[in-house]
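A quick write-up on the structure given underneath.
Residue numbers (the numbering used here): 3 to 191.
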């Protein structure tokens, strides 16, 4: 049992050092770290960051990029003439989303695809709270498969949380050298 207490004190000393020396990312104390990731949500036409295509026949969403690639790579060459494919390439490279959508409605089965306008938003990942930035980074590294490639740490302040503030203050300022573990007892030196 003695080693457990010594290990706990060693852990608290190391944590204290990390809390004192880590970056604060511009956040006031008491601070903690969370994870921010990104997702696509529907939006109104004209406010989109991207346009996806909803395939009504298969009940699937396809990115506009995937759709254009599928046609320009020849996967659907039997459905279009060379001139139509060339026109799509030009519209995709030099025009707006709406021009590509108009091409789809003109040359592809317009009953099959519907534009889905989407914007990318950031969000704080639920159930993520870390005392140190390094721990948050480790979490991302070990759980990358749950996140997009844009995921990152995010510092937050526990605003008006007096117990959190007091606990973090104790962790950062307590002099652990005043504590010694002897014969199963904690004694002050």
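Glycine is no exception: its CB is placed at the ideal position from the N, C-alpha and C atoms. Every value quoted in this text rests on a predicted model; they were computed, and no experiment measured them.
1. Does the Cβ of residue 88 have 16 or more other Cβ atoms within 10 Å, making it buried, or fewer, making it exposed?
2. Alpha carbon to alpha carbon, what distance is there between residue 62 and residue 115?
3. Roughly how many whole angstroms lie between the Cα atoms of residue 142 and residue 85?
4. Whole angstroms are fine: how far does the CA of residue 44 sit from the CA of residue 162?
5. For the beta strand (DSSP E) containing residue 34, name the first residue and the last one.
6. Considering only their Cβ atoms, is the gap separating residue 127 from residue 195 smaller than 7 Å?
7. To the nearest angstrom, how far is it from the Cα of residue 42 to the Cα of residue 176?
8. Quick check on residue 30: does DSSP put it in helix, strand or coil?
9. Residue 159 and residue 30: beta carbons closer than 7 Å?
10. Taking only runs that begin and end inside the stretch 65-124, name each unbroken beta strand (DSSP E) of 3 or more residues, in chain order.
11. Got a sec? Which residues, its chain only, sit under 8 Å from residue 1 by beta carbon, not counting five neighbours each side?
12. Comparing C-alpha positions only, which one of 46, 165, 122, 104 sits nearest to residue 150?
13. Look at the Cβ atom of residue 135, then the Cβ atom of residue 35, and state whether they are nearer than 7 Å.
14. Tell me the residue span of the beta strand (DSSP E) that contains residue 55.
15. Roughly how many angstroms separate the alpha carbons of residue 133 and residue 90, rounded to a whole number?
The relevant details are as follows:
1. Working through the chain shown from its first residue, we reach residue 88 at position 86. So residue 88 ends up on the exposed side.
2. Counted from its first residue, the chain shown places residue 115 at position 113. Counted from its first residue, the chain shown places residue 62 at position 60. Counting only the Cα atoms, residue 62 lies some 10 Å from residue 115.
3. Looking up residue 142 in the chain shown gives position 140. Looking up residue 85 in the chain shown gives position 83. Rounded to the nearest whole angstrom, the CA to CA distance from residue 142 to residue 85 is 47 Å.
4. For this step, residue 162 is matched to residue 160 along the chain shown. For this step, residue 44 is matched to residue 42 along the chain shown. Approximately 35 Å between the Cα atoms of the pair.
5. For this step, residue 34 is matched to residue 32 along the chain shown. Its beta strand (DSSP E) spans residues 33-44.
6. The requested residue 195 does not occur in the structure, where the chain is confined to residues 3 to 191.
7. Against the chain shown, residue 42 aligns to sequence position 40. Against the chain shown, residue 176 aligns to sequence position 174. In a straight line, the C-alpha of residue 42 is about 45 Å away from that of residue 176.
8. Numbered from its first residue, the chain shown carries residue 30 at position 28. DSSP places residue 30 in coil when its eight states are reduced to three.
9. Within the chain shown, residue 159 is the residue found at index 157, counting from 1. Within the chain shown, residue 30 is the residue found at index 28, counting from 1. Between residue 159 and residue 30, the C-beta spacing is below 7 Å.
10. Runs of the beta strand (DSSP E) inside the stretch 65-124: none found.
11. No information on residue 1 is available, as it lies outside the stretch 3 to 191 that the chain covers here.
12. Position 148 of the chain shown holds residue 150. For residue 150, the nearest C-alpha among the options comes from 122.
13. On the chain shown, position 133 is the one that residue 135 refers to. On the chain shown, position 33 is the one that residue 35 refers to. Yes, Cβ-Cβ distance for residue 135 and residue 35 is below 7 Å.
14. Reading the chain shown from its first residue, position 53 is the one you call residue 55. Note, residue 55: beta strand (DSSP E), 52-57.
15. Here the question's residue 133 lines up with position 131 in the chain shown. Here the question's residue 90 lines up with position 88 in the chain shown. Looking at the backbone, the Cα of residue 133 and that of residue 90 are separated by about 51 Å.
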